[in-house]
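The numbering used here applies: residue 71 is where the sequence shown begins, and numbers increase by one. Don't be surprised by glycine CBs; every beta carbon is placed ideally from N, CA and C. Reviewing the structure listed below.
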Amino acid sequence: MKILVTGGTGFIGSHTVVELQEKGFEVVIADDLSNSFIEVVDNIEKITGVKPIFEKVDLSIAEETRKLFEKHKDIFGVIHFAASKAVGESVNKPLLYYRNNINSLINVLEQMQEHDIKNFVFSSSCTVYGQPDKLPVSENAPLKKALSPYGNTKKICEDIIDDVAAASEINAIKLRYFNPIGAHESALIGEYPQGIPNNLIPYLTQTAAGIREFLSIYGNDYNTPDGTGIRDYIHVVDLAKAHVIAIERMINNKCLSKTEIFNIGTGVGYSVLDIVKSFEKVNEIKINYKIVSRRAGDIEKVWADTAYANDELGWKAERTLDDMMRSAWNWETKLRIEN
Ligand code: UFG
Numbered sequence: 071m072k073i074l075v076t077g078g079t080g081f082i083g084s085h086t087v088v089e090l091q092e093k094g095f096e097v098v099i100a101d102d103l104s105n106s107f108i109e110v111v112d113n114i115e116k117i118t119g120v121k122p123i124f125e126k127v128d129l130s131i132a133e134e135t136r137k138l139f140e141k142h143k144d145i146f147g148v149i150h151f152a153a154s155k156a157v158g159e160s161v162n163k164p165l166l167y168y169r170n171n172i173n174s175l176i177n178v179l180e181q182m183q184e185h186d187i188k189n190f191v192f193s194s195s196c197t198v199y200g201q202p203d204k205l206p207v208s209e210n211a212p213l214k215k216a217l218s219p220y221g222n223t224k225k226i227c228e229d230i231i232d233d234v235a236a237a238s239e240i241n242a243i244k245l246r247y248f249n250p251i252g253a254h255e256s257a258l259i260g261e262y263p264q265g266i267p268n269n270l271i272p273y274l275t276q277t278a279a280g281i282r283e284f285l286s287i288y289g290n291d292y293n294t295p296d297g298t299g300i301r302d303y304i305h306v307v308d309l310a311k312a313h314v315i316a317i318e319r320m321i322n323n324k325c326l327s328k329t330e331i332f333n334i335g336t337g338v339g340y341s342v343l344d345i346v347k348s349f350e351k352v353n354e355i356k357i358n359y360k361i362v363s364r365r366a367g368d369i370e371k372v373w374a375d376t377a378y379a380n381d382e383l384g385w386k387a388e389r390t391l392d393d394m395m396r397s398a399w400n401w402e403t404k405l406r407i408e409n
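Take a look at the structure:
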């Protein structure tokens, strides 16, 4: 069964391709390589023994998207990751984000309708909840005004999907990810941050590798036990597996409605200081850090209510925070040896 994975050479996409192939799915990757590398395709082959089909496509261009679907007429389902994802950049270049993220969604859905492809899994984010009033946050919590154009694209895309599913044969599963980190245990695939990392884990591993002088911890005056921000960090391999389960749910006609939403997190929140301590313990490396002022746009704390995903989707995160820290460091070490 052939699955189209858009953004399949990216961080979460590449791990999902591995999990799909290990379950016997045939994968077509569509990626414009704007934020990833073609070598990922070979590294996926090293892990799984199977080279996925790769198509270099800019999905924000309708004609390129049309050609992709014309070439692969036997696609059973689409997992749509392809999107620009840097929160800070989106504030400075909102049109780039609206154009890339929304046009590509529209083009893909249009081609799915055209070719009678019914199954769609969408990469959404807990960013749509903003700072929830109640924690852990469940799928039916009200959505808040997005804090960045990037976050807003996720909200708008969710709405577009609902409308298209209501008016067509398309079924959709929207997975709202919490904070994906870590890397495949082989250290053959992982996250490639471009330039100075914005996210905590790549900044921390680069600090451990001596590339950055110190980690800035953005604020220790939040209303949390140690004052630093709390997130629900999830191992990227656990997250990847949720996509395979979502596709299998569609194959087995288990969806309860035309669009379904699942929180994909661990249900446990860790503070920035918890992360630093876990990294130091597991990898036996001291991290230089400084407490600095809060980062604009950050929420204080969020973690997932995973009951619905656990019970209804039949998926549960299995890897521990220590597993995440170990694999993140293995990946960083490998990157430094190679570059
Ligand atoms: N942090 C630091 N220092 C850093 C980087 C981050 O202290 O150098 C802190 C942040 O203040 C926050 C936590 O670490 O408390 C996590 O920050 P990240 O930037 O790693 O992640 P965010 O929660 O801000 O954002 C991530 C993704 C977004 C996504 C969002 C919610 O980057 O794409 O989760 O899903 F929208």
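May I ask whether a heavy atom of the ligand UFG can be found less than 7 Å away from the beta carbon of residue i?
i	result
C227	no
D368	yes
K163	no
S193	no
I287	yes
L270	yes
N249	yes
Y273	yes
R406	no
V120	no
C196	yes
K351	no
With DSSP as the reference, identify every bridge partner of residue i, one or two as the case may be.
i	result
G147	I73, N189
E62	Absent from the structure is residue 62, since the part of the chain shown begins at 71 and ends at 409.
S286	K360
E330	I243
N171	The partner list for N171 (beta bridge, DSSP) is empty, contrary to what the question assumes.
I123	V98
Can you give the beta carbon distance from residue i to residue j, rounded, assuming they're within the 8 Å contact cut?
i	j	result
T118	I99	Going by Cβ atoms, the distance from T118 to I99 rounds to 13 Å, so no, they are not a contact pair.
W385	A312	5 Å
What's the call for residue i, buried or exposed, on a 16-neighbour Cβ count within 10 Å?
i	result
P295	exposed
I321	exposed
A410	The chain is shown only over 71 to 409; residue 410 falls outside these bounds and no answer can be derived.
Q181	buried
R364	exposed
I377	A small fix is needed here, since residue 377 is Ala in this sequence, not Ile. Result: exposed.
K244	buried
I334	buried
A237	exposed
S106	buried
E354	exposed
Leaving aside the five residues before and after residue i along the sequence, list all residues of the same chain whose C-beta is less than 8 Å from its C-beta, in chain order.
i	result
V346	L274, L285, I287, I357, Y359
D393	G252, H305
A412	The displayed coordinates of the chain run from 71 to 409. Any statement about residue 412 would go beyond what the structure contains.
E283	T277, N358
D112	K121
Apart from the five residues just before and just after residue i, which ones in its own chain have a Cβ nearer than 7 Å to its Cβ?
i	result
T329	I231, D232, A235, A242, K244
K224	S194, S195, T197, V198
Please return the same chain residues whose Cβ sits closer than 6 Å to the Cβ of residue i, not counting the five positions on each side in sequence.
i	result
I123	V98
G280	none
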